[in-house]
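All residue numbers for the sequence shown refer to the working numbering, where the first residue is 4 and numbers rise by one. Cβ coordinates follow ideal geometry from the N, Cα and C atoms, glycine included. Single-structure report; data block below.
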Amino acid sequence: MRKWKEKAMAIRGIYTVGLPLLSSSASRREVPLTVTEGFTWVNFGTALENGADLLILNARASAIVTASDPRVAGTGTVTCSGIWDTNKSGLLWGSFHLSNARGTWDGYWQGTNSLLYGRVLMSLAMTAEGSGAYHGLVFRTTCTAFDDDPIWWTGCVVQDSPGARPYRLKGLRLDSAQETTGMLLDPLTLRPTGNKGALVRINILTEVGEATYLGRTTEQGLGLLDPVTGVSSMMGTTTPAGSENRGVLHWVAQATTDLKTPPKPGQRSGVANAEVHFAGGTGRFEDATGRFSGRVEQTISPTPVPKLFHNTFQYEAAGTIRFSCLAKGGD
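The following block contains the structure:
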């Protein structure tokens with residue numbers, strides 16, 4: 004524990020704190036819009052149910068989108084992962100890709116499912132960045148929907164916002180990973196296959212780091228890992244440490260790791276290749292988009308509890324970010 008604290012304190016001194024912000028936001032325009040999204044499930048990815056939990060990793064759906072603003076209309080695909088109880092209440096997250104004749108939108112979202120009057124109420128928030136004719140634009144929305152009804156989005160297209168700026172981060176993180184066993188579900192019908200399988204649930208326990216525009220940070224997050232393929236998906240929030248009120252960043256991550264099976268007694272190391280996408284946030288990061296990627300060194304430490312182990316990550320990565328407020332003294 005002492006060694007862990009020493010490493011955590013050391014990080015504070017080896018990375019430059021994010022630049023202070025001007026008191027006013029960059030000049031920009033927001034064009035309000037409403038969106039209707041009809042979707043059809045293509046497959047449910049890797050899905051597992053054990054009587055208490057329903058876990059879904061990288062499900063896919065096709066989407067047809069109509070909108071009050073024709074720029075945000077067309078056809079697309081959605082990916083979805085979720086950690087739910089058997090009533091489908093819980094957390095979900097994923098990606099969104101939309102295209103039409105003039106350009107494309109790529110976005111990432113987080114949300115929750117809850118039960119209301121016997122129906123599943125889904126609430127989501129998403130940011131998407133445009134390309135082609137929509138290069139430089141950001142699409143920000145929130146939505147609610149019941150069960151498999153069409154999804155109604157309300158939001159805006161952000162115009163004249165600052166462009167992408169460099170984003171760097173460095174940190175040390177401890178995760179817990181719990182193998183959950185149960186019945187595998189058919190990826191097309193979501194019905195029991197009769198075959199048993201496993202998915203690993205991941206929770207961020209502690210994290211200390213430094214990031215551009217946030218300074219010292221802590222993180223909360225969770226996700227799923229397929230122990231057969233090594234594919235993982237996570238969602239989380241990066242928060243300035245202490246009393247610094249600078250807004251928080253939401254993110255969605257996809258990763259692959261060479262640690263595909265539960266570790267044996269002792270310790271061993273591995274490498275994860277991760278790609279992290281911003282999915283909005285609060286305050287100045289409300290319409291944040293961008294991404295960073297890198298190779299993450301892992302040290303795996305099994306515990307006496309069966310099928311439970313801890314991952315220690317030391318990471319350093321770089322990418323880009325765009326959000327509403329400009330930084331003083333440069334990009």
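Residue i versus residue j: straight-line alpha-carbon distance, rounded
i, j, result
"isoleucine 67", "tryptophan 156", "13 Å"
"alanine 330", "aspartate 290", "In this predicted model, alanine 330 has a pLDDT of only 40, less than 50, meaning its place in the structure is not dependable; the value taken from the coordinates is given anyway. Taking the straight line joining both Cα atoms gives about 16 Å."
"leucine 60", "glycine 166", "33 Å"
"serine 28", "phenylalanine 142", "Note that serine 28 scores a pLDDT of 43, beneath 50, so its modelled location is shaky and nothing firm can be said."
"serine 134", "glycine 106", "6 Å"
"proline 243", "glycine 197", "46 Å"
"valine 203", "proline 35", "40 Å"
"serine 327", "proline 195", "46 Å"
Coil, strand or helix - residue i by DSSP
i, result
"glycine 286", "helix"
"proline 74", "Sequence inspection shows arginine at residue 74; the proline mentioned does not correspond to that position. Helix, per DSSP."
"serine 179", "strand"
"phenylalanine 47", "coil"
"proline 165", "coil"
"histidine 138", "coil"
"asparagine 53", "coil"
"aspartate 88", "strand"
"glycine 133", "strand"
"arginine 249", "coil"
"alanine 244", "coil"
Inter-residue CB distance, residue i and residue j (contact presumed, cutoff 8 Å)
i, j, result
"tryptophan 87", "asparagine 116", "6 Å"
"tryptophan 96", "tryptophan 108", "Not quite, the Cβ-Cβ distance comes to about 17 Å (not below 8 Å), so this is no contact."
"serine 98", "threonine 82", "5 Å"
"tyrosine 170", "threonine 323", "6 Å"
"valine 38", "threonine 144", "7 Å"
"isoleucine 205", "leucine 225", "6 Å"
"threonine 315", "leucine 177", "5 Å"
"tyrosine 137", "arginine 74", "6 Å"
"alanine 277", "glycine 297", "6 Å"
C-beta atoms of residue i and residue j nearer than 8 Å
i, j, result
"glycine 286", "glycine 250", "yes"
"phenylalanine 47", "leucine 227", "no"
"threonine 241", "threonine 259", "no"
"leucine 127", "cysteine 146", "yes"
"leucine 58", "methionine 186", "no"
"phenylalanine 312", "alanine 201", "no"
"serine 71", "phenylalanine 42", "no"
For residue i: DSSP bridge partner residues
i, result
"aspartate 189", "Partner(s): none; aspartate 189 has no beta bridge."
"tyrosine 216", "DSSP output for tyrosine 216 lists no bridge partner at all."
"phenylalanine 326", "Per DSSP, none; premise fails for phenylalanine 326."
"valine 81", "Ala64, Phe99"
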